[in-house]
Amino acid sequence: MAYYAIKGGEEAIKNSLDFYKKLTKKAQKIKDEDLIEAFTFSIDKVISEGSLYSKKLASKAIKRSAGDLLNASFFLRAHRSSCQRVGPCKTLDVNEMRLHRRISSAFKDIEGGQLLGASNDYEIKLLVELKKEEINIEDFGTSSNIIKSALTPLREDNLIKKLPKEKTTWDITRSFPTAPYPRSALLQVMSRGESGTLLGFSYTSMRGYGDVHPTIGDLRVGELDIKFTHPFLKKEVKVGSIEATAVESVGTFNSDENGETKLTTGFGFCFGKNETKAISMSIIDLTLYNNSYSVGTEQIVAADFEMIMHHVDGIESFGFCNHYKLPHYVTFQTDYQIFKSAKKYAKEKEEKLK
Amino acid sequence: MRYAFLDEEAKKEIRRAILKAIAIPGYIVSFASREMPVARGWGTGGLQVTLSLINEKDILKVIDQGCDGSVNAVNIRNFINSVTNVETTTSTKEATIIQTRHRVPELELNENQTLVFQVPMPDILETVEPNTAKAKIMHANADYSKLWVLLYEDTSLYGDSRISNRYPVIVNKRYAMDPSPIPKYDTLKLNNCKALQLFGAGREKKIYAIPPYTKVKPLKFEDREFNIENFEGKVCEKCGSSNSFIDEVYDDEGKVHYYCNDTDFCDCNLKEGEE
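Those sequence lines, one after another, are chains A and B. Position in the first sequence (from 1) plus 1252 gives the number in our numbering. Position in the second sequence (from 1) plus 369 gives the number in our numbering.
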C-alpha cells in the first residue's frame, strides 16, 4: 500500500549506501600516497575548503566521495568538529614563506625576481601532444627562497592604506559574529570558502559591478612553519609546516581619512596551492574595504558584507542545496491549500465585478 | 568518539546560547555552529541542540514531516543513538526529547518534554529584509511594519496571507519569530505549550526558544481570523481520525488516499481502536 512508501527509511538508506559503495569501490583501491602525489591540486582544494590541514585525511575523503571534491571537503569539516582544539599558533608572516612560486604583475623588476615554479599557466591546453623541443630544466636547487612581499618597499614608504588593527582576532569556529563583521572573521570565512563561489563574486567586481581592476602586487605559494608555545615548557616550538597561497592585490588610490593619498590593497590567504581562490579572495577583500575608493558605485555584490559573509561557504551552500532532496510533502500540502483558496478568492472577486 | 559527538567546549557554548534564548523568548541568539557529519540544511542545528542537551536518561524521538520512519529521521536517530546510546522511541508520549522537522506532534506535549525544531531560516524578517544587519535593528525596535504591509497586500489580493508554512508569530508580545516550516495547522500548538521548545539553525548559526507556558500569537489583523489548513471533512483511511493534519497520498493506480501525517498519532489511534 502506498502509505508505507514513506516509511521503511531504514532499509532504503542501507540499500542506497550499498549501491553507493559498489559504485565507488574502485576509488578505495588507490593508495593515499599515490593520490596525494598525483592529484595534488584536488587535495589542496579539499584541505582549503574543508579547513583542515591533513593531506592524508583529504585523500581518504576524496576516495570516500569518489572524486566529488565538495563532498570530500564536507567529510573533512565534519571530522574537524570532533577534534579538540589545542590552541592558536603564533601568527604566520607570509613574508617568511619558503617560496615555491612567486609572481608580481605590478612591477617590472622586483627584489628576488619572479619565480614561476611549477605552473601550467602557459601551457597550450590541448589533449593531443604537440611536438616538443628538448630543453634542459634549470636545477632549482634547495635554497630556501625567503623573499619579502614585492609591496614591502611601498608599505615602508607609507604609501599603502592601512586598515585599523583589531584588538583580538575573531575565531568563527568558536563564536560567530553578527553585523558589522570584523575583518578577521570575514577573511576566515573567505579562506575556507568555496573556490568557485569566491571566483564568481570577485568576477562580478572584475567585469563591471564595482570597477575594480586590481593588479597582483604579490602572489606567493610556498611553505610556512607553524610555531606553537609548548604547554609545559612554555617555549616556542616548531610543530610542523604547511603549504599555503597568499596574495596581495593592489587597487586604485584615493584620499584616506587624513586626506593623504594612499594606494589600497586586498589580502587573500588559504591552505595549499589555490591561486585562483587566493586572488579572488584578495579582490573581494579589496572591494569590501575600499568600495568608496573605486570608481563604481557602492551598491555592488562584491562590496556587500552580507553577500560575502553568508554566501561563500561551499559546505553550507552545498548542504542547503541538497536538502531540497529531502521530503517536503507537509510544506507542499499546505502551500497547495493556500494556493487553492487564493485561486477561489480571486475567482469570486472576478465574478462579483461582472 | 566523545559522548554526544561534540567536544565539551562546543556543548558548553550551545547550552549558554540555549539559556540566553530561553531567557528572552523569541530572540535570535548567534552561536558558532559546528560542522556536523550531516549536511548543512539537513538538521544540523537541531542536532547540535539535541546533542548538547541529551543524557543517558533521555528517551529520544525523531520525526521528519510527521514520520519516524522517513529517511532523514532514521538517519539522525541512528546517528544520535550511535554517539550517545540513549533509548529511542517512536512514541510521542514516552519521549523526553523530540527532534522534529516541519511538524509539531498531534498529541499534547507535557512539562517533562523538550521539542527541538530543525530550522532552515531562523529570521522571519528574511522574507521582507534579507540583510541581517538591518533585520537586527528592526527586531531591536520591534519594527514589524514590513511584515504587516506584506500581510495587508496579500489579504487585499488573495483574501489571506500567502504564507502557508513558517507563519510569523509574536512571542511573549515582543519578538516576531519564525516557527520553522511547520504548517499553519501547527502554529496554534506553540501557544502556552507545556513543553520547552527549542529552535536550532545550523547553517545560519542561530538558536532561539519558546519557554513553557509562553504566549505565542500568529501575526494577524484584529478583524481577520487565523485560518488553518482545512481538510474539508476528510478522515484518515487508516485510523479514522478527523482531527489531525492529513496527507494526500496517491496509490499505484493514481487514486487519492488520505492518512494522518503524524504516524505515531495514527498508530496510537489504531491501537486504541483494537483494544
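All C-beta atoms, glycine included, are put in the ideal place defined by N, C-alpha and C.
Spatially closest choice to residue i from the options, by CA coordinates
| i | options | result |
| --- | --- | --- |
| residue 1538/A | 1460/A, 1429/A, 1304/A, 1415/A | 1415/A |
| residue 614/B | 553/B, 470/B, 396/B | 553/B |
| residue 1285/A | 1402/A, 1433/A, 1271/A, 1306/A | 1306/A |
| residue 611/B | 622/B, 618/B, 599/B, 621/B | 599/B |
| residue 1555/A | 1315/A, 1454/A, 1439/A | 1454/A |
| residue 1293/A | 1408/A, 1510/A, 1527/A | 1527/A |
| residue 589/B | 638/B, 574/B, 558/B, 537/B | 537/B |
| residue 548/B | 597/B, 375/B, 566/B | 566/B |
| residue 399/B | 378/B, 592/B, 492/B | 492/B |
| residue 1351/A | 1377/A, 1273/A, 1474/A, 1444/A | 1474/A |
| residue 595/B | 413/B, 556/B, 580/B, 386/B | 556/B |
| residue 1543/A | 1518/A, 1567/A, 1562/A, 1523/A | 1518/A |
| residue 1321/A | 1540/A, 1356/A, 1297/A | 1297/A |
Partners in chain B for residue i, counting only beta-carbon separations shorter than 7 angstroms
| i | result |
| --- | --- |
| residue 1571/A | 408, 409, 410, 411, 572 |
| residue 1444/A | By Cβ distance, chain B contributes nothing, its closest Cβ being about 10 angstroms from residue 1444/A, past 7 angstroms. |
| residue 1362/A | Neighbours of residue 1362/A on chain B: none; closest Cβ ~40 angstroms, over 7 angstroms. |
| residue 1581/A | 434, 616 |
| residue 1567/A | 404, 409 |
Close Cβ partners of residue i (< 7 angstroms) along its chain, the five nearest in sequence each way excluded
| i | result |
| --- | --- |
| residue 466/B | 419, 422, 423, 427, 429, 483, 485 |
| residue 476/B | 461, 462, 634 |
| residue 1309/A | 1328, 1331 |
| residue 539/B | 545, 586, 588 |
Chain B within 8 angstroms of residue i, Cβ atoms only
| i | result |
| --- | --- |
| residue 1563/A | no |
| residue 1326/A | yes |
| residue 1476/A | no |
| residue 1574/A | yes |
| residue 1541/A | no |
| residue 1440/A | no |
| residue 1338/A | no |
| residue 1261/A | yes |
| residue 1578/A | yes |
| residue 1587/A | yes |
| residue 1313/A | no |
| residue 1310/A | no |
| residue 1285/A | no |
Beta-carbon proximity list for residue i, same chain, < 6 angstroms, skipping 5 on both sides
| i | result |
| --- | --- |
| residue 520/B | 530 |
| residue 1498/A | 1346, 1472, 1521 |
| residue 1559/A | 1553 |
| residue 1406/A | 1412 |
| residue 1279/A | 1315, 1318 |
| residue 1288/A | 1295, 1307, 1311 |
| residue 1490/A | 1477, 1479 |
| residue 570/B | 414, 488, 491 |
Residue-chain proximity (residue i, chain A), Cβ-Cβ < 8 angstroms
| i | result |
| --- | --- |
| residue 594/B | no |
| residue 415/B | no |
| residue 521/B | no |
| residue 508/B | no |
| residue 505/B | yes |
| residue 569/B | no |
| residue 434/B | yes |
| residue 444/B | yes |
| residue 553/B | yes |
| residue 617/B | yes |
Other residues of its chain near residue i: CB distance less than 8 angstroms, five sequence neighbours each side excluded
| i | result |
| --- | --- |
| residue 523/B | 529, 530, 531, 532 |
| residue 1334/A | none |
| residue 384/B | 421, 422 |
| residue 469/B | 415, 431, 432, 433, 484, 485, 486, 487 |
| residue 1485/A | none |
| residue 1336/A | none |
| residue 625/B | 617, 618, 619 |
| residue 602/B | 611 |
Closer than 9 angstroms at the beta carbon, the chain A residues around residue i
| i | result |
| --- | --- |
| residue 400/B | 1427, 1428 |
| residue 501/B | 1430, 1431, 1558, 1561, 1562 |
| residue 328/B | Not covered by the structure: residue 328/B. The range shown for chain B is 370 to 644. |
Under 7 angstroms from the C-beta of residue i: neighbouring residues of chain A
| i | result |
| --- | --- |
| residue 582/B | Near residue 582/B there are no residues of chain A at all, since even the closest Cβ is about 26 angstroms away, more than 7 angstroms. |
8 angstroms Cβ cut-off: residues of chain B touching residue i
| i | result |
| --- | --- |
| residue 1332/A | 404 |
| residue 1228/A | Because chain A spans 1253 through 1606 in this model, residue 1228/A falls outside it and cannot be assessed. |
| residue 1329/A | 404 |
Beta-carbon neighbours of residue i, restricted to chain B and to distances below 9 angstroms
| i | result |
| --- | --- |
| residue 1264/A | 440, 443 |
Partners in chain A for residue i, counting only beta-carbon separations shorter than 8 angstroms
| i | result |
| --- | --- |
| residue 547/B | Within 8 angstroms Cβ-Cβ: nothing; residue 547/B doesn't reach chain A, min ~13 angstroms. |
| residue 534/B | 1582, 1583, 1586, 1587 |
| residue 529/B | 1590, 1593, 1594, 1597 |
| residue 598/B | 1585, 1586, 1589 |
Item to check | beta strand (DSSP E) runs contained entirely in the segment 386 to 443 of chain B, provided each spans 3 or more residues | outcome: Restricted to the segment 386 to 443 of chain B, the beta strand (DSSP E) segments that are unbroken, complete and at least 3 residues in length are 428 to 433, listed in chain order.
Checklist entry - Which runs of the beta strand (DSSP E) fall wholly inside the segment 519 to 544 of chain B and span at least 3 residues, in chain order? => result You should have 538 to 540.
Checklist entry - Taking only runs of the beta strand (DSSP E) that begin and end inside the segment 438 to 521 of chain B, which ones reach a length of at least 3 residues, in chain order? => result As far as the segment 438 to 521 of chain B is concerned, its whole beta strand (DSSP E) runs of at least 3 residues are 466 to 470, 483 to 487.
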